[in-house]
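**Q** Numbering (full-length UniProt numbering), first residue to last: 1 to 185. For glycine and all other residues, C-beta sits at the position ideal for the given N, C-alpha and C.
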């Protein structure tokens, strides 16, 4: 039996042991990262502690969502119920576009990152995924990234931001507009 994880005592970004090892390598280049069995204790795929408390992020590919959202919704619900005091967010990774018959996913060319190739075709319309993520966003934050590299960059940015004591976003000094029109004009 593994030792219970206390999210308030974490001092690194923690990745679940079922996530890709390439993701661990990318994260560990920028921030201290450890690997534990997070899913076994009903946590999401990534977990960290910040100055305002712990946060967790569940990573799903667009292919996962197009394959069916029922299981994902159930998983997110269980994670939220198991750890109600831990901020939960969903990260959707990948690119998809609507087609007349459903949805096509896209991936980068291995030789030229400016070129995209079509991937799998799904019968599920992309609008269904849009509607589902819109409803999910009422209960947790939902973020979108085009690929695994950008997901790693986003998680690192979230982790580093949460380590800061004070943020100035929406607290910056704004000089009041003092404008007096010329009555002669």
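Quick test of your reading: residue 36 and residue 17, contact by CB under 8 Å. State the CB separation rounded to the nearest angstrom.
**A** On the chain shown, residue 36 is found 36 positions in, with the first residue counted as 1. On the chain shown, residue 17 is found 17 positions in, with the first residue counted as 1. The Cβ separation is near 7 Å, so the contact holds.
**Q** Whole-angstrom Cβ separation of residue 120 and residue 101, contact assumed at under 8 Å?
**A** Taking the chain shown and counting its residues from 1, the one referred to as residue 120 is at position 120. Taking the chain shown and counting its residues from 1, the one referred to as residue 101 is at position 101. With a Cβ gap of about 13 Å, residue 120 and residue 101 do not count as contacting.
**Q** With three or more C-beta pairs closer than 8 Å as the rule, is the stretch 129–137 touching the stretch 152–164?
**A** no
**Q** Should the stretch 82–95 be called in touch with the stretch 52–71, which here means at least 3 C-beta pairs below 8 Å?
**A** yes
**Q** Buried or exposed for residue 111, going by 16 or more other Cβ atoms inside 10 Å?
**A** Locating residue 111 in the chain shown gives position 111, counting from the first residue. Residue 111 should be labelled exposed.
**Q** How would you call residue 45, buried or exposed, if buried means at least 16 neighbouring beta carbons within 10 angstroms?
**A** Here residue 45 refers to the residue found at position 45 when the chain shown is read from its first residue. Under this definition residue 45 is a buried residue.
**Q** Among 176, 58, 183, which one has its Cα closest to the Cα of residue 145?
**A** Looking up residue 145 in the chain shown gives position 145. Considering only alpha carbons, the answer is 58.
**Q** Out of 79, 91, 83, which has the shortest C-alpha to C-alpha gap to residue 62?
**A** Working through the chain shown from its first residue, we reach residue 62 at position 62. When only C-alpha atoms are compared, the closest one is 91.
**Q** In or out: residue 7 buried (at least 16 other Cβ within 10 Å) or exposed?
**A** Here residue 7 corresponds to residue number 7 of the chain shown, with the count starting at 1. Result: buried.
**Q** Can you tell me the Cα-Cα spacing of residue 11 and residue 125, whole angstroms?
**A** The sequence position of residue 11 within the chain shown is 11, counting from 1. The sequence position of residue 125 within the chain shown is 125, counting from 1. When rounded, the distance between both Cα atoms is 42 Å.
**Q** Would you kindly report the start and end of the unbroken beta strand (DSSP E) that includes residue 56?
**A** Walking along the chain shown from the start, residue 56 turns up at place 56. Where residue 56 is concerned, the enclosing beta strand (DSSP E) stretches over 53–61.
**Q** Out of 4, 184, 104, point me to the one whose CA is closest to residue 40's CA.
**A** As a first step, residue 40 must be located in the chain shown, where it is residue number 40. Selection 4, 184, 104 evaluated against residue 40 yields 4 as nearest (Cα-Cα).
**Q** Residue 34 bridges to which residues according to DSSP?
**A** On the chain shown, position 34 is the one that residue 34 refers to. According to DSSP, residue 34 bridges with 14.
**Q** In this structure, does DSSP put residue 47 in helix, strand or coil?
**A** Taking the chain shown and counting its residues from 1, the one referred to as residue 47 is at position 47. Of the three classes helix, strand and coil, the one that applies to residue 47 here is strand, per DSSP.
**Q** So, is residue 167 buried or exposed, given that buried needs 16 or more other C-beta atoms within 10 angstroms?
**A** Along the chain shown, read from residue 1 onward, the residue named residue 167 stands at position 167. So residue 167 ends up on the exposed side.
**Q** Could you tell me which of 79, 43, 96, 74 sits nearest to residue 66, measuring between CA atoms?
**A** Residue numbering aside, residue 66 sits at position 66 when the chain shown is read from its first letter. Ranking the options by Cα distance to residue 66, first place goes to 96.
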